[in-house]
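The block underneath contains the structure these notes are about, expressed in structure tokens.
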Amino acid sequence: MFATFKRYGWIAVLVILLIVGGAAWYEYDRSRETAQARAFGDAILAALEQGEPLERATALSAIEAGTPDARAVRDMLEAGERSTAGDREGALTLLTGVAENPELQLIYRSLAKFRALALSTDDMGPAERRAEYEDLAGAGSPLRLLAKEQIAVTHIEEGNRDEALRQLNAMLDEAGMTQDLLRRVSQLIVSLGGTPGENGGADTE
């Protein structure tokens, strides 16, 4: 219910990131960079056409990526395939490498950290994950609203319904809420016995 990224949703997000990152590459040789980006994209698509998750992961790992951003995209896609195949440790290693790479733009590091936290529920308790999500929920963070949603989820895991409802209802007034996120948050509020938009979130009798 709380899954944020599905397999092809990840691909869509990462393609968008490549396009955004491509703006920074424009200062260099435009034709050369365009050819490299096209070759990189073709290699990614070919790898994703492999039959099994581990085959896709192996194919992705063999792709030459000419920039830190491209390597981040490759590694996050590979992490997604390894996670699907049940190789959680391999996925976490790749995601941690991206999240802790200071050469990368914030969006790449944040996305990798967010995904790593989603894979760490067996190793980290709700309070520990909440502290990490709070780092991602700061002003200016590209994943601020998604992190806020997950903070509320950690309160649900702890049985703290009132705090979860308070945080979820506060999100309804946030700028930048997408329709999908708005629907998800509203459904969570209702599932907890609250009313979307009601102060405190809980129904009273």
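The numbering of the sequence shown is the working numbering, which starts it at -11 and goes up by one. Where is the CB? At the ideal position from N, CA and C, for every residue including glycine. Predicted model only: the values in this text are computed from it and were never measured.
Legend entry - Exposure label - Q228; buried when at least 16 CB within 10 Å: There is simply no residue 228 to check, as the chain begins at -11 and stops at 193 in what is shown.
Inset, instruction - Following the continuous alpha helix (DSSP H) through R140, name the residue where it begins and the one where it ends. - result: Counting from one through the sequence shown, the residue named residue 140 turns up at place 152. As written in the sequence, residue 140 is Ala, which differs from the Arg given in the question. Run containing A140: 132 to 145, per the alpha helix (DSSP H) assignment.
Inset, instruction - Check whether the Cβ atoms of R118 and T142 sit closer than 7 Å, and answer yes or no. - result: Taking the sequence shown and counting its residues from 1, the one referred to as residue 118 is at position 130. Taking the sequence shown and counting its residues from 1, the one referred to as residue 142 is at position 154. Their beta carbons are under 7 Å apart, which means R118 touches T142 by this criterion.
Inset, instruction - Could you check if Q175 is buried or exposed, using at least 16 other CB atoms within 10 Å of its CB as the buried criterion? - result: Here residue 175 is taken as the residue at index 187 of the sequence shown, counted from 1. By the 16-neighbour rule on beta-carbons within 10 angstroms, Q175 is exposed.
Inset, instruction - Name the two residues that bound the continuous alpha helix (DSSP H) containing D75. - result: Here the question's residue 75 lines up with position 87 in the sequence shown. Looking at the DSSP string, D75 is not in any alpha helix (DSSP H), and its letter there is neither H nor E.
Legend entry - Cβ pair R115, K101 closer than 7 Å: Residue numbering aside, residue 115 sits at position 127 when the sequence shown is read from its first letter. Residue numbering aside, residue 101 sits at position 113 when the sequence shown is read from its first letter. Before going further, note that residue 115 is Ala rather than Arg in the sequence given. Going by C-beta atoms, A115 is not nearer than 7 Å to K101.
Inset, instruction - Could you tell me if V61 is buried or exposed, where buried requires 16 or more neighbouring beta carbons within 10 angstroms of its beta carbon? - result: Position 73 of the sequence shown, counting from 1, holds the residue named residue 61. Classification of V61: buried, given that the 10 Å Cβ count is 16 or more.
Legend entry - Range of the contiguous alpha helix (DSSP H) that encloses P41: Here residue 41 is taken as the residue at index 53 of the sequence shown, counted from 1. Looking at the DSSP string, the run of the alpha helix (DSSP H) that includes P41 is 41 to 49.
Legend entry - DSSP state of T192 mapped onto helix, strand, coil: Numbered from 1 along the sequence shown, position 204 holds the residue referred to as residue 192. Per-residue confidence for T192 stands at a pLDDT of 38, beneath the threshold of 50, marking its modelled position as unreliable; the derived number appears in the next sentence. Coil.
Legend entry - Bridge partner(s) assigned by DSSP for G164: The sequence position of residue 164 within the sequence shown is 176, counting from 1. G164 pairs with nothing; no bridge assigned.
Legend entry - Whole-angstrom C-beta distance between A47 and A58, which should lie under 8 Å: By one-based count along the sequence shown, residue 58 stands at place 70. By one-based count along the sequence shown, residue 47 stands at place 59. The pair is not a contact, with the Cβ atoms about 15 Å apart (cut-off 8 Å).
Legend entry - 7 Å Cβ cutoff, D110 in contact with chain C: As a matter of chain content, chain C is missing from the structure shown, which is built from one protein chain.
Legend entry - Among S129, E69, E37, G128, the one whose alpha carbon lies nearest that of L107: Indexing the sequence shown from 1 puts residue 107 at position 119. Among S129, E69, E37, G128, the Cα nearest to that of L107 is on E69.
Legend entry - Proximal residues to L92 (C-beta, below 7 Å), its chain only, five neighbours per side dropped: Within the sequence shown, the letter at position 104 stands for residue 92. Counting only Cβ-Cβ distances below 7 Å, and skipping sequence neighbours, we find P56, D57, A60, V86.
Legend entry - Proximity to G54 [Cα-Cα], best of S71, A31, Q38: Counted from its first residue, the sequence shown places residue 54 at position 66. The residue with the shortest Cα to Cα distance from G54 is A31.
Legend entry - Reduced DSSP category for L182 - H, G, I as helix; E, B as strand; rest coil: Translated into the one-based positions of the sequence shown, residue 182 becomes position 194. Contrary to the premise, residue 182 reads as Gly rather than Leu in this sequence. In this structure, G182 counts as strand in the three-state DSSP scheme.
Inset, instruction - Would you mind working out which of A73, G185, Y96 sits nearest T84, comparing C-alpha positions? - result: For this step, residue 84 is matched to residue 96 along the sequence shown. Per the Cα distances, Y96.
Inset, instruction - Give me the Cα-Cα distance between E186 and S179, rounded to the nearest whole angstrom. - result: Along the sequence shown, one-based indexing puts residue 186 at 198. Along the sequence shown, one-based indexing puts residue 179 at 191. Spanning the two alpha carbons is a distance of roughly 14 Å.
Legend entry - DSSP state of M112 mapped onto helix, strand, coil: Residue 112 sits at position 124 when you count from the first residue of the sequence shown. Coil.
Inset, instruction - Compute the Euclidean distance between the alpha carbons of L170 and R154, then round it to the nearest angstrom. - result: To locate residue 170, count along the sequence shown from 1; it is residue 182. To locate residue 154, count along the sequence shown from 1; it is residue 166. Whole-angstrom Cα-Cα distance: 15 Å.
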